[in-house]
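Q:
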Amino acid sequence: MLTADLVRARKKAGELQVSPLKGKTKARALELSAIYMEVTEANIGQSREDVRAAWTNANSDGKDKRLADGLLKLIDDACDFEAETDMDPIELRGDVFLKASADREALDDGGEFNRQAVLDAVAKERGQEPDVVERGLYTDLNGAQILQKYASVTPEVLVERYETSTVQAVLLRAASVRAEVYCSNAGGYRAVFRALKFRRLLYTVTPLDEDDPKAGYLLDISGPYALFGSNTKYGLQLALVLPVLLSCDRLKLVANVRWGKQRTPLSYGLEHKRKKLNVAAESNGLPEEVQTLLTNLAKQKTKWTAKAADKIVDLPGVGLCVPDLEFVHESGERVLLEVLGYWSRDAVWKRVELVEAGLPERWLFAVSKRLRVSEEVLDGEEHGALYVYKGVMSARAILKQLDAML
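According to the numbering used here, the residues represented by the sequence shown are 1 to 406, in order.
And the structure:
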């Protein structure tokens with residue numbers, strides 16, 4: 001992810017305007033991406049210091065430095081640098097320096113110190129080759145780490161990541177974010193609401209039109225600069241939500257940011273429209289484990305039918321959410337399933353309290369055993385139950401729970 005100092009932007013009339021990649025600038029970005037990726041792949045097995053030198057030489061004229069530095073930051077993030085050996089460099093240096101000190105003290109007047117003899121001796125003691133010992137002396141230094149592998153992509157994909165990462169870097173400086181989102185399918189909203197909860201952001205969600213639930217929703221999200229100053233960890237969580245917001249069919253975002261060394265208050269705006277339906281909507285937005293469960297349920301002989309839920313529900317104290325699955329019994333009774341998985345014990349207890357207070361519909365909440373919550377907590381409750389699972393959710397066990405709820 002980019003940092004704020006790598007963002008190509010300017011201040012104008014109280015606004016932060018990010019310079020778009022288009023025309024010659026985009027062509028240059030694609031050109032630099034291709035050059036840097038080729039250099040990176042050619043230097044696998046070299047030290048970080050050598051790789052960085054190769055990157056510098058690849059753009060020796062120094063043109064478009066901020067753009068180049070931004071692309072290199074993303075490439076660097078995709079590189080896997082590791083120490084070449086498993087030997088502890090601090091311990092190894094101690095052995096080598098002690099041996100060197102002893103050899104120097106043993107020298108006759110006018111005698112010449114033999115560096116290679118020291119390395120040979122330590123290597124023999126450790127059962128290593130002398131050149132391996134020499135290379136291992138400073139592997140704890142950042143520049144000495146070796147490029148083991150690089151997660152290569154196409155120049156087009158890298159430039160697309162750069163554009164997204166630019167906006168993420170802006171959100172790292174946000175005091176507040178207001179986003180209008182529209183998804184043509186409940187799966188899209190499911191992905192958005194799940195991401196907001198998973199990242200533990202402070203937010204509120206309200207319909208853009210109370211009379212038309214299909215009109216979309218307004219998200220008011222607190223930024224890292226609203227939390228008594230900058231909060232790096234929270235800011236990162238906010239930035240990581242951006243790809244999910246961009247997956248919506250339409251997004252209109254306005255962020256109040258604190259920019260530059262002076263933390264100048266500025267407004268940043270973004271409007272985005274997908275050219276095709278988002279992937280989450282096309283696949284119902286179900287997590288892989290829930291999709292697997294739905295497939296397994298279809299193989300069971302039962303009086304229940306199951307499908308991906310498309311209803312957006314406002315749970316008091318929890319907020320808007322889209323249940324994962326909707327079960328309908330042949331008698332007409334309905335039960336909604338929400339998979340909490342590994343969320344948090346707090347999320348589970350909030351739902352327990354709602355069930356005990358009386359929900360208008362029946363709910364089954366699936367919870368991982370790791371959260372240490374017992375199914376007995378909701379025994380005998382009319383409108384809700386817990387299904388605690390270990391590893392993978394069982395279609396048969398869930399159907400048994402549903403039958404018990406009737």
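C-beta atoms are modelled at their ideal positions from N, C-alpha and C, and glycine is treated no differently.
Going by the CB atoms, is the gap between L67 and Q168 shorter than 9 Å?
A: The residue given as residue 168 occupies position 168 in the sequence shown. The residue given as residue 67 occupies position 67 in the sequence shown. Not in contact: Q168 and L67 (Cβ atoms no closer than 9 Å).
Q: Three or more C-beta pairs under 8 Å: does that hold for the segment 186–200 against the segment 319–330?
A: Because the criterion of three Cβ pairs below 8 Å is met, the segment 186–200 and the segment 319–330 touch.
Q: Output needed for K273: all residues of its chain with C-beta closer than 6 Å, excluding positions within five of it in sequence on either side, in chain order.
A: As a first step, residue 273 is located in the sequence shown; it is residue number 273 there, counting from the start. Once the five neighbours on either side are set aside, the close Cβ partners of K273 are R250.
Q: Just to confirm the assignment, what range does the alpha helix (DSSP H) spanning T164 have?
A: Taking the sequence shown and counting its residues from 1, the one referred to as residue 164 is at position 164. P155 to L171 is the span of the alpha helix (DSSP H), which, as asked, contains T164.
Q: Within a Cβ cutoff of 7 Å, which residues of the same chain sit near R438, ignoring the five residues on either side of it in sequence?
A: Examination of residue 438 is not possible in this model, given that the chain is present from 1 through 406 alone.
Q: Output the boundary residues of the beta strand (DSSP E) element that contains V335.
A: For the purposes of this step, residue 335 is taken as residue 335 along the sequence shown, with counting starting at 1. Unbroken beta strand (DSSP E) run through V335: R334 to G341.
Q: For A281, which three-state DSSP category applies?
A: Within the sequence shown, the letter at position 281 stands for residue 281. Confidence in A281 is poor, its pLDDT being 42 and thus under 50, which makes the residue's placement too unreliable to answer from.
Q: In or out: N185 buried (at least 16 other Cβ within 10 Å) or exposed?
A: If you number the sequence shown from 1, residue 185 lands on position 185. Buried, because 16 or more other Cβ atoms sit within 10 Å of the Cβ of N185.
Q: From the DSSP output, in three-state form, read off N256 for me.
A: The count along the sequence shown starts at 1 and reaches residue 256 at position 256. Looking at N256 - three-state DSSP - the assignment turns out to be strand.
Q: Below 8 Å CB to CB, which residues in the same chain sit around R200 once its five sequence neighbours on both sides are set aside?
A: Taking the first residue of the sequence shown as 1, we reach residue 200 at position 200. The residues are Q237.
Q: Where do the ends of the alpha helix (DSSP H) carrying S101 lie?
A: Mapped onto the sequence shown, residue 101 falls at position 101. Here the alpha helix (DSSP H) through S101 covers P89 to E105.
Q: For Q300, count the other beta carbons within 10 Å of its own beta carbon; 16 or more makes it buried, fewer makes it exposed. Which is it?
A: Position 300 of the sequence shown, counted from the first residue, corresponds to residue 300. Classification for Q300: exposed.
Q: Take P360 as the anchor and find which of T232, V335, S344 and D379 has the nearest alpha-carbon.
A: As a position in the sequence shown, residue 360 is number 360, starting the count at 1. The shortest Cα separation from P360 among T232, V335, S344 and D379 belongs to V335.
Q: Counting only C-beta atoms, is I35 closer than 9 Å to chain C at any point?
A: Reference to chain C is not applicable here, since this structure consists of a single protein chain.
Q: Distance, Cα to Cα, V318 vs K350?
A: Walking along the sequence shown from the start, residue 318 turns up at place 318. Walking along the sequence shown from the start, residue 350 turns up at place 350. In a straight line, the C-alpha of V318 is about 7 Å away from that of K350.
Q: Residues in the same chain with beta-carbon distance under 7 Å from A78, minus the five sequence neighbours each way, listed in chain order, please.
A: Translated into positions along the sequence shown, residue 78 becomes position 78. Result list for A78: Y150 and A151, in chain order.
Q: Drop a sphere of 10 angstroms on the beta-carbon of S247, count the other beta-carbons inside from all chains shown, and report buried for 16 or more, exposed for fewer.
A: Taking the sequence shown and counting its residues from 1, one reaches residue 247 at position 247. Buried: at least 16 other Cβ atoms inside 10 Å.
Q: Would G216 pass as a contact of R173 if the rule is Cβ separation under 9 Å?
A: Here the question's residue 216 lines up with position 216 in the sequence shown. Here the question's residue 173 lines up with position 173 in the sequence shown. No.
Q: Could you compute how far the alpha carbon of S165 sits from the alpha carbon of A34?
A: By one-based count along the sequence shown, residue 165 stands at place 165. By one-based count along the sequence shown, residue 34 stands at place 34. Each residue's Cα considered, the two are about 18 Å apart.
Q: Skipping 5 residues on each side, what residues in its chain have a beta carbon closer than 7 Å to that of A395?
A: Position 395 of the sequence shown, counting from 1, holds the residue named residue 395. L293, N296, L297 and Q300.
Q: K9 and L16 look like a contact to me (Cβ under 8 Å); what is the Cβ gap, rounded to whole Å?
A: As a first step, residue 9 is located in the sequence shown; it is residue number 9 there, counting from the start. As a first step, residue 16 is located in the sequence shown; it is residue number 16 there, counting from the start. The residue you asked about is not Lys; residue 9 is Ala in the sequence shown. Indeed they touch by this definition, with Cβ atoms about 6 Å apart.
Q: Of all the options Y389, G332 and L286, which has the alpha carbon lying nearest to the alpha carbon of K303?
A: Position 303 of the sequence shown, counting from 1, holds the residue named residue 303. For the residues Y389, G332 and L286, the minimum Cα distance to K303 belongs to G332.
Q: Whose C-alpha, out of L286, D314 and R178, is nearest the C-alpha of K307?
A: In the sequence shown, counting from the first residue as 1, residue 307 sits at position 307. Looking at the Cα atoms, L286 is the closest of the given residues.
Q: In terms of residue numbering, what span does the alpha helix (DSSP H) encompassing L242 cover?
A: By one-based count along the sequence shown, residue 242 stands at place 242. L242 -> alpha helix (DSSP H) spans T232 to L246.
Q: In angstroms with no decimal places, state the Cα-to-Cα distance between G57 and A4.
A: The residue given as residue 57 occupies position 57 in the sequence shown. The residue given as residue 4 occupies position 4 in the sequence shown. For clarity, residue 57 is Asn in the given sequence; the question names Gly instead. Those two C-alpha atoms are separated by around 25 Å.
Q: Which same chain residues, not among the five before or five after V352, have their C-beta less than 7 Å away from its C-beta?
A: Walking along the sequence shown from the start, residue 352 turns up at place 352. The answer, listed in chain order, is V377 and L378.
Q: In this structure, how does DSSP classify F193 when only helix, strand and coil are distinguished?
A: Along the sequence shown, read from residue 1 onward, the residue named residue 193 stands at position 193. DSSP places F193 in helix when its eight states are reduced to three.
Q: At the level of alpha carbons, what is the spacing between K11 and L270?
A: Within the sequence shown, numbered from 1, the residue matching residue 11 stands at position 11. Within the sequence shown, numbered from 1, the residue matching residue 270 stands at position 270. About 15 Å.
Q: For the segment 280–331, which segments carrying the alpha helix (DSSP H) assignment without a break, of at least 4 residues, lie completely within its bounds, in sequence order?
A: Listed in chain order, the complete alpha helix (DSSP H) runs (minimum 4 residues) inside the segment 280–331 are 288–297.
Q: Please determine if the segment 111–118 and the segment 96–103 are in contact, where contact requires at least 3 C-beta pairs separated by less than 8 Å.
A: With the cut-off at 8 Å, the segment 111–118 and the segment 96–103 touch.
Q: Around the C-beta of V96, are 16 or more other C-beta atoms found within 10 angstroms, so that it is buried, or is it exposed?
A: Residue mapping note: residue 96 aligns to position 96 of the sequence shown, counting from 1. Its Cβ being crowded by 16 or more others within 10 Å, V96 is buried.
Q: Which term fits P224, buried or exposed, when burial requires 16 or more other beta carbons within 10 angstroms of its beta carbon?
A: For the purposes of this step, residue 224 is taken as the residue at position 224 of the sequence shown. Buried, because 16 or more other Cβ atoms sit within 10 Å of the Cβ of P224.
Q: Are the beta-carbon atoms of Q148 and I44 separated by less than 9 Å?
A: Along the sequence shown, one-based indexing puts residue 148 at 148. Along the sequence shown, one-based indexing puts residue 44 at 44. Going by C-beta atoms, Q148 is nearer than 9 Å to I44.
Q: To which residues of the same chain is W55 closer than 7 Å at the C-beta, ignoring the five residues directly before and after it?
A: If you number the sequence shown from 1, residue 55 lands on position 55. Result list for W55: Y36, V39 and L72, in chain order.
Q: Can you tell which of R161, V157, T204 and G110 has the C-alpha that lies nearest to the C-alpha of A179?
A: By one-based count along the sequence shown, residue 179 stands at place 179. Selected option, being the one with the closest Cα: T204.
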